[in-house]
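Chains as they are written, first to last, in our numbering: chain G, 3 to 336; chain H, 40 to 372.
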């Protein structure tokens, strides 16, 4: 009997050599098409009947569309593992995978530092409304016609929503800037992990924070977590930072809150309908906007790709994953 | 005894109430808006005679121009103190003041946090070559053709000038997982608790081993173009440079060449050799993250500087000494 096959959807950029080395335990296949239809056809026509594990690269959703119920149900019977490149995996229907006995891994930890770096970059930029002087100097206008002063992070209260790996890295950096930290999490952390941060209710965090950083995952429960009601309860002049998922925030409500001055500025790396960005944000000079570049560094991208390969190897050789998605870890009993 | 007279030149943004509260123990005069010509004319006609202390700022330069010899020479003979709001005071001719027996104070420490914050902002931006995706998104192109950047984690940050601002940069950079080395006029005492993990190195070693170099030293005759072509040649390929100190510290031509050649991966700049004019090649470059000298431009920092000026004025008028007299006058006296 031949080796099991591993299917790559998308590209390997940083670990081509290591990917080739996977031939020691698996046959390597690649989806070379560009559309969902082509992918589904290949699943159905037997091309992938020996595929045990899928290397789902970062950009694969652009090729196949999300791994929703429909697609998951059409994966070959042989598929037992989906090894996803990305800490967020809201474009995979995990319950559908679990029902089919398919285990899913993602790439936590590897993304933490880089995402936190961008969160702090956006936080500092938002405090300064930095796009305004940036635009002025680039237009050879130095500081522009009516330069504004920004604000210091020192002694301000940062509210972290989601004190997981990324949230804690954000808090550690913010502390070095003299910020006070409070957090909301599904459950309270141990003192070692809290590092002095105060555990508060969601409502308390919303109404008392000077800066709010979203660092939680997107689920059915957290979709639209921050909307009109929450903006109304926030402090006047609050700053919002989102490096998690765009759908956590009602984008139009954010635009309205910016226009009313309730929100002083926002630093965003993610949007509700990426790559589309609400016009009200694009045209607002007071916000700092980046196109989902949280993990866009050579070092982090390489580490993420390596972690996917690690998961693939452990899956094929040992029948388990290194970084299985948390909801399956509690459910799946092997 | 008649109250001493204090004169404010230019705007006070946040602490006007504290200035007003100096009265009636101090008689307050002001020249908040106007022109250099008018100010000089009023000085010459005796309008401000009797003033002992002057509150001025970097922002007042937009009203009266710099306090060069031209202005200093026509200040009333009663003027003993110029209390300046700003860490940098290159718009005051200190030598002319010293010759006239006028003592000058600045606000040296107030801006440390704000400038350190901006240094880190520019550093992360430069490591990420963030200008490219920032521009692409605003132009409706989402990511455009971005190139991955670099993480600060595990990289060596070389701080040139481990003073108050440099220490603040070091503290923040450590939280990003960077290793810190520095070069200073003098190494910090080994008992310093500020940065037990920061290593003192020679200038040459800082140049040749740092992944990121941050300039946090003062501009003086000895430090002009401290980074020039020979220094860029010594640096690691792919180095990132951050400058929030003074533009004159870097030979901009040499830096631009090093950027073009790829020797320097990217730069983060808040200051420029010929401010407010900025070289077009820097303005148009996507490897450059720039801001128009806004290091200390925050509400809290400006307010703190203004409060320190007022404290200097009180101390000068009632205790006969400044609190934060400028360095070069302390060395002389």
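C-beta: ideal position from N, C-alpha, C; glycine also.
Quiz item: What residues in the stretch 291-304 of chain G have a beta carbon less than 8 Å from any beta carbon of chain H?
Solution: 291, 292, 293, 294, 295, 298, 299, 300, 301, 302 and 303
Quiz item: What is the residue span of the beta strand (DSSP E) that residue 269 (chain G) lies within?
Solution: 265-270
Practice problem: Provide the residue span of the alpha helix (DSSP H) that contains residue 244 (chain G), from first to last. | Solution: Element bounds for residue 244 (chain G): not the alpha helix (DSSP H) but the beta strand (DSSP E), 240-244.
Quiz item: If you draw a straight line from the alpha carbon of residue 191 (chain G) to that of residue 326 (chain G), how long is it in whole angstroms?
Solution: 21 Å
Quiz item: Can you list, in chain order, the residues of its chain whose CB lies under 7 Å from that of residue 165 (chain H), leaving out five sequence neighbours each side?
Solution: 279, 281, 305, 306, 307 and 328
Quiz prompt | residue 179 (chain G) at chain H interface by Cβ criterion, 9 Å | solution = yes
Quiz item: For residue 162 (chain G), does the three-state DSSP call read helix, strand or coil?
Solution: strand
Practice problem: Could you check how far apart the C-beta atoms of residue 127 (chain G) and residue 70 (chain H) are, in whole angstroms? I think they sit under 8 Å. | Solution: In fact, because the Cβ distance is near 36 Å, the residues do not count as touching under 8 Å.
Self-check item: 9 Å Cβ cutoff met for residue 248 (chain G) and residue 270 (chain G)
Solution: yes
Quiz item: With a cut-off of 8 Å, do at least 3 Cβ pairs link the stretch 91-104 of chain G to the stretch 64-71 of chain G?
Solution: yes
Quiz prompt | Where residue 153 (chain G) sits in the DSSP three-state scheme | solution = coil
Self-check item: Segments of 4+ residues assigned as alpha helix (DSSP H) that fall wholly inside the stretch 23-71 of chain G
Solution: 38-46 and 62-66
Self-check item: Minimum Cβ-Cβ distance from residue 12 (chain G) to chain H less than 9 Å
Solution: no
Self-check item: Pick from H:57, H:349, H:321 and H:40 that is closest to residue 144 (chain G), judged by C-alpha positions
Solution: H:321
Self-check item: Proximal chain H residues relative to residue 268 (chain G), where beta-carbon distance stays under 9 Å
Solution: Within chain H, no residue comes near residue 268 (chain G); the closest Cβ sits about 14 Å away, beyond 9 Å.
Quiz item: Would a check of beta-carbon distances place residue 283 (chain H) closer than 9 Å to chain C?
Solution: Of the protein chains in the structure, G and H, none is chain C.
Practice problem: Return the chain-ordered list of same chain residues with a C-beta closer than 6 Å to the C-beta of residue 330 (chain H), the five sequence neighbours on each side being excluded. | Solution: 309
Practice problem: Anything in the stretch 88-122 of chain G with a Cβ closer than 9 Å to a Cβ of chain H? List those residues in chain order, please. | Solution: 115, 116, 118, 119, 120 and 122
Self-check item: Per-residue DSSP class, three states only, for residue 111 (chain G)
Solution: coil
Quiz item: Residues in the stretch 150-163 of chain H with C-beta within 9 Å of chain G's C-beta atoms, listed in sequence order?
Solution: 152, 153, 155, 156, 157, 159, 160 and 163
Self-check item: Span separating the alpha-carbon of residue 360 (chain H) from that of residue 353 (chain H)
Solution: 9 Å
Quiz item: Which partner residues of residue 291 (chain G) appear in the DSSP bridge assignment?
Solution: G:270
Practice problem: Report buried or exposed for residue 369 (chain H), applying the criterion of at least 16 other Cβ atoms within 10 angstroms of its Cβ. | Solution: exposed
Self-check item: Reference residue 148 (chain G), options H:343, H:336, H:347 and H:176, closest by Cα
Solution: H:336
Exercise. Report the three-state DSSP secondary structure of residue 215 (chain H) (helix, strand or coil).
Key: coil
Practice problem: Give a yes or no on whether the minimum CB-CB distance between residue 213 (chain H) and chain G is below 9 Å. | Solution: yes
Quiz item: Can you name the start and end residues of the beta strand (DSSP E) that residue 197 (chain G) belongs to?
Solution: From DSSP, residue 197 (chain G) is part of no beta strand (DSSP E); its letter is neither H nor E.
Quiz item: Buried or exposed: residue 331 (chain G), going by 16 or more other Cβ atoms within 10 Å of its Cβ?
Solution: exposed
Quiz item: Does any C-beta atom of chain H lie closer than 9 Å to the C-beta of residue 152 (chain G)?
Solution: yes
Self-check item: Limits of the unbroken alpha helix (DSSP H) element including residue 52 (chain H)
Solution: From DSSP, residue 52 (chain H) is part of no alpha helix (DSSP H); its letter is neither H nor E.
Quiz prompt | Any C-beta of chain H under 9 Å from that of residue 185 (chain G) | solution = no
Quiz item: Enumerated in chain order, which unbroken segments of the alpha helix (DSSP H) with a length of 4 residues or greater are wholly contained in the stretch 45-99 of chain H?
Solution: 55-59 and 75-83
Self-check item: Own chain, CB closer than 8 Å to residue 335 (chain G), minus 5 neighbours either side, in chain order
Solution: Low confidence applies to residue 335 (chain G): its pLDDT is 49, below 50, so where it sits in the model is not reliable enough to give any reading.
Quiz item: Cα-Cα, which of H:297, H:287 and H:296 is closest to residue 316 (chain H)?
Solution: H:287
Self-check item: Separation of residue 15 (chain G) from residue 299 (chain G), as counted between CA atoms
Solution: 12 Å
Self-check item: residue 39 (chain H) versus residue 262 (chain H): straight-line alpha-carbon distance, rounded
Solution: No answer is possible for residue 39 (chain H): the residues shown for chain H start at 40 and end at 372.
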